[in-house]
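Below is one structure, written out as structure tokens; comments come after it.
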Amino acid sequence: MPHPDLFATLRARVLATLESLLPGADTAALARVEVSPTREEAHGDMATNAALVLAREAKRKPAELAAELAAALAAAPEIAAAAPAGPGFVNLRLHPAVLRGEISAILRAGESYGESGLGAGIPVNVEYVSANPTGPMHVGHCRGAVVGDALANLLARAGYAVTKEYYINDAGAQVDALAWAAYWRYLQALDTPLDEAAFDAQVPGGLQYRGDYLIAVGEALLARHGDRLAAPGAMPAGPAHWLATVRAAAVAAMMAAIREDLALLGVDPDVFTSERALVGSGAVDAVIARLGAAGLLYEGVLEPPKGRTPEDWEPRAQTLFRATQFGDDVDRPLRKSDGSNTYFANDIAYHADKLDRGFAHLIDVWGADHGGYVARLKAAVKALAGREGAFEVVLCQIVRVMRAGQPVKMSKRAGTYVTLRDLIDEVGRDAVRFTMLTRKSDAQMEFDLDAVMAQSRENPVFYVQYAHARARSVLRHAEAEWGAAAVAAAALAGADLGSLQSDAEMALIRRLIAWPRTVEAAAAAREPHRIAFFLYDLAADFHMLWNRGREDARMRFLIADRPEETSARLALVAATAIVVRSGLGVLGVTPVEEMR
RNA sequence: GCGCCCUUAGCUCAGUCGGAUAGAGCGACAGCCUUCUAAGCUGUGGGUCGGGGGUUCGAAUCCCUCAGGGCGCGCCA
8 MPHPDLFATL RARVLATLES LLPGADTAAL ARVEVSPTRE EAHGDMATNA ALVLAREAKR
68 KPAELAAELA AALAAAPEIA AAAPAGPGFV NLRLHPAVLR GEISAILRAG ESYGESGLGA
128 GIPVNVEYVS ANPTGPMHVG HCRGAVVGDA LANLLARAGY AVTKEYYIND AGAQVDALAW
188 AAYWRYLQAL DTPLDEAAFD AQVPGGLQYR GDYLIAVGEA LLARHGDRLA APGAMPAGPA
248 HWLATVRAAA VAAMMAAIRE DLALLGVDPD VFTSERALVG SGAVDAVIAR LGAAGLLYEG
308 VLEPPKGRTP EDWEPRAQTL FRATQFGDDV DRPLRKSDGS NTYFANDIAY HADKLDRGFA
368 HLIDVWGADH GGYVARLKAA VKALAGREGA FEVVLCQIVR VMRAGQPVKM SKRAGTYVTL
428 RDLIDEVGRD AVRFTMLTRK SDAQMEFDLD AVMAQSRENP VFYVQYAHAR ARSVLRHAEA
488 EWGAAAVAAA ALAGADLGSL QSDAEMALIR RLIAWPRTVE AAAAAREPHR IAFFLYDLAA
548 DFHMLWNRGR EDARMRFLIA DRPEETSARL ALVAATAIVV RSGLGVLGVT PVEEMR
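In terms of the numbering used here, the first sequence is numbered consecutively and its last residue is 603.
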């Protein structure tokens, strides 16, 4: 059972008071009542907007209502003082003992402090990364991987039953192109007399994926199959002779490499789903039949896009899905003019499959270049699920990689792109993950290699890790001095915390008690970056308190001849370490014990 | 041409379903190490929140409009 959030407790107190003050108040207005932290300590510990949101319906002046509410709230057991303020806020000052009591609660709960019942165990599927298995992961994949992973952790913390999923796009033309490229490396391993230009001319659409990473695949094919994939008479052999074999081997090799890269990043999906397997199972035809039976398909011809007609545009009859009935701008093709299925059809089948597996809610994390695709898939899932909101997309905007003040051109063919592995080798997993989470995902982001690589000391991740290391250091010193029993959470949870009174200590406590509501708000908004900023602020509060001890020996955490104060401060330090560790856990960043 | 995202301090970015005097880091300037890790702390300076209009008790936040940047726009995945 999650520990009740102190803000939720006070909000319940406010609502109960309103019930006696304004019986029968509008429930919609009551839902807008908030109890939130004050921006300035001088305003108190918490503030409520209750009088402001209810004044209109009650036909009362906000300030008057606030005064009445404040008077009534003053009697609540948690509240030391309640005062009307500003246009109609009520500022609440809590008894310090109530605030300090949260420290004990944190110590008893450990890292489960901040877990929430918000999600109510609803099964949620978070699909992210899903890089095409055509080469190593590069920086462009990184943001979605980190954001998706942190979001999954965050939702789990908020009480959802989360499954992390990776969709393998192994059914389209891209993997055939990969197979051709792998086959070229196979021929090279066979010492083919064919030159690259001559081979290129044989490949439908031209030879792609010329990077070195397929050489090993070609050699492995040679080792396993000898020259049996080549044909004596034809050079190269027709694809019917080798395509399926080479494609399977190449995709398997790419997925193995991607899983290694993901592991380096600390990403470990629960489920990998193969598009090819899905198509092979007949799921696509089944979902098309299902939509057809619902009267949502028709044969039709689309209008050309306005203002920018493709040069080779000609009207063609296709099977179209009535996406406009579900909020999209135009109806969308499920079958190409030659009768084969579009990628969209496969994607509908995939999302139908996720719904069929029992997920009540689907979240996809996509790159911004897929932004134009959101409306149609939302329409499709809405049609399938028969309800609104079963599916949402978190879009990650482009990461511009900068080096020496210049954008790095990303080209697979030229080999100038930065691989995920390179990046992690240079700056480390923790810095990559934290940096990717210090921006809203829907804002474009500049990833400055020089700043993160060369000046890594200034990266915010170290600031937060340092706070944790310092807290752990204090606990280690205390343990060395007085034994393990003195720093055990159970013992500290029972400590008399009355000596925690300074402004820096109380500021830290106020920050810590905001952790549960931060988790809930971030989860509800699908914004894991809020956790990174919370941790930064928490670290700042802790570093400030630390330095109080440098300036004034009486403010040090460990004072041998003052055991009560020391225990109280150890409790605060231990609670801080727990919340930092917990937050870093959401982000997938290591809570280091020491910085050396 | 249309759709979606973005525009906040010199730079990179936060800003809690609209809330009180808009914040942080970097950079600049001035200070703090015989003491639990100075990868830290304290102070100073720096903003017509892209422009304009509207909604309201209240707008960086919501709506309209204009400007600028990004992504995308039938049979690619």
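All C-beta atoms, glycine included, are put in the ideal place defined by N, C-alpha and C.
Quick check on this structure: which residue in Val-182, Ala-81 and Phe-14 has the alpha carbon closest to the alpha carbon of Gly-691?
As shown, the chain starts at 8 and ends at 603. That puts residue 691 outside it, with no answer to give.
Shortest alpha-carbon distance to Leu-285 belongs to which of Ala-502, Thr-34, Glu-310 and Ile-355?
Ile-355
Length-filtered (4 minimum) alpha helix (DSSP H) runs lying within the region 265-303:
282-287 and 290-300
Give the single residue among His-145, Glu-488 and Thr-24 whose Cα lies nearest to the Cα of Ala-57.
Thr-24
Is Glu-527 near Ala-165, with beta carbons less than 8 Å apart?
yes
Closest to Ala-450 by C-alpha separation, out of Ala-138, Gly-490 and Ala-375, would be which residue?
Out of Ala-138, Gly-490 and Ala-375, Ala-375 has the C-alpha closest to the C-alpha of Ala-450.
Is it the case that the Cβ atoms of Thr-634 and Tyr-167 are separated by a distance below 8 Å?
Because the chain is modelled from 8 through 603, residue 634 falls outside the range shown and cannot be assessed.
Which word fits Ser-448, buried or exposed, when buried means at least 16 other C-beta atoms lie within 10 angstroms of its C-beta?
The C-beta of Ser-448 has 16 or more other C-beta atoms within 10 Å across all chains shown, which makes the residue buried.
Under the assumption that Ile-538 contacts Leu-161 (Cβ atoms under 8 Å), give the Cβ distance between them as a whole number of angstroms.
7 Å
Starting from the C-beta of Ala-519, find all residues in its chain whose C-beta is less than 8 Å away, skip the five residues before and the five after it, and write them out in chain order.
It is worth fixing the name first, because residue 519 is Leu in this sequence and not Ala. Contacts found: Glu-109, Ile-110, Ile-113, Leu-545, Ala-582, Thr-583 and Val-586.
Three-state secondary structure assigned by DSSP to Val-692
Residue 692 lies beyond the residue range present for the chain, which begins at 8 and ends at 603; the question has no answer from this structure.
Range of the contiguous alpha helix (DSSP H) that encloses Arg-517
Counting along the chain, the alpha helix (DSSP H) containing Arg-517 begins and ends at 510-520.
In the DSSP assignment, find the beta strand (DSSP E) that holds Tyr-173 and state where it starts and stops.
168-175
Got a sec, what are the start and stop residues for the alpha helix (DSSP H) Ile-86 sits in?
Run containing Ile-86: none in the alpha helix (DSSP H); it sits in the beta strand (DSSP E), 86-92.
Let me know if Asn-554 comes out buried or exposed under the rule of 16 or more other beta-carbons within 10 Å of its beta-carbon.
Burial call: exposed.
Ala-521 versus Pro-44 - alpha carbon distance:
Straight-line Cα distance between these residues: approximately 8 Å.
Residue of Leu-221, Ala-223, Ile-222 and His-248 minimising C-alpha distance to Asp-234
The closest CA to that of Asp-234, considering only Leu-221, Ala-223, Ile-222 and His-248, is found on His-248.
Shortest alpha-carbon distance to Ala-498 belongs to which of Val-153, Ser-574, Ala-386 and Arg-342?
Ser-574
Should Gln-413 go down as buried or exposed, given a rule of 16 or more other Cβ atoms within 10 Å for buried?
exposed
Can you tell me whether Trp-249 is helix, strand or coil according to DSSP?
coil
Quick check: Asp-12 and Arg-524, are their CB atoms within less than 8 Å of each other?
yes
CB contact flag (Tyr-190, Val-253, <8 Å):
For the pair Tyr-190 and Val-253, the CB atoms are nearer than the 8 Å cut-off.
Under the three-state reduction of DSSP, which class applies to Trp-191: helix, strand or coil?
helix
Applying the criterion that 16 or more other CB atoms from any shown protein chain within 10 Å of the CB defines a buried residue, is Gln-332 buried or exposed?
exposed
When Leu-106, Glu-571, Tyr-543 and Asn-132 are compared against Leu-362, the one with the closest alpha-carbon
The candidate whose alpha carbon is nearest that of Leu-362 is Asn-132.
Would you be able to state if there are at least three C-beta pairs under 8 Å between the region 504-514 and the region 587-594?
The way I'd put it, the region 587-594 doesn't touch the region 504-514; fewer than three beta-carbon pairs between them come closer than 8 Å.
What is the DSSP secondary structure of Asn-554, reduced to helix, strand or coil?
helix
Is the Cβ-Cβ distance between Val-42 and Met-53 less than 8 Å?
yes
What three-state label does DSSP hand Asp-319 in the structure shown?
coil
Quick check on Val-258: buried or exposed, where buried means 16 or more other Cβ atoms within 10 Å of its Cβ?
Counting the other Cβ atoms within 10 Å of the Cβ of Val-258 gives 16 or more, which makes it buried.
Given 8 Å, three or more beta-carbon pairs between the region 170-189 and the region 383-392
no
Buried or exposed for Val-308, please, with buried defined as at least 16 other CB atoms from any protein chain shown within 10 angstroms of its CB.
Per the 10 Å Cβ criterion, exposed.
Hey, Leu-271 and Arg-150: beta-carbon distance below 8 Å or not?
Not closer than 8 Å, so no.
Only counting the same chain, and skipping five residues up and downstream in sequence, which positions put a Cβ closer than 8 Å to that of Gly-213?
So the list reads Asp-207, once near-sequence residues are dropped.
Given that a residue counts as buried once 16 or more other Cβ atoms are within 10 Å of its Cβ, and exposed if not, what is His-550?
Flag for His-550 reads exposed.
According to the Cβ coordinates, are Arg-383 and Ala-296 closer than 8 Å?
no
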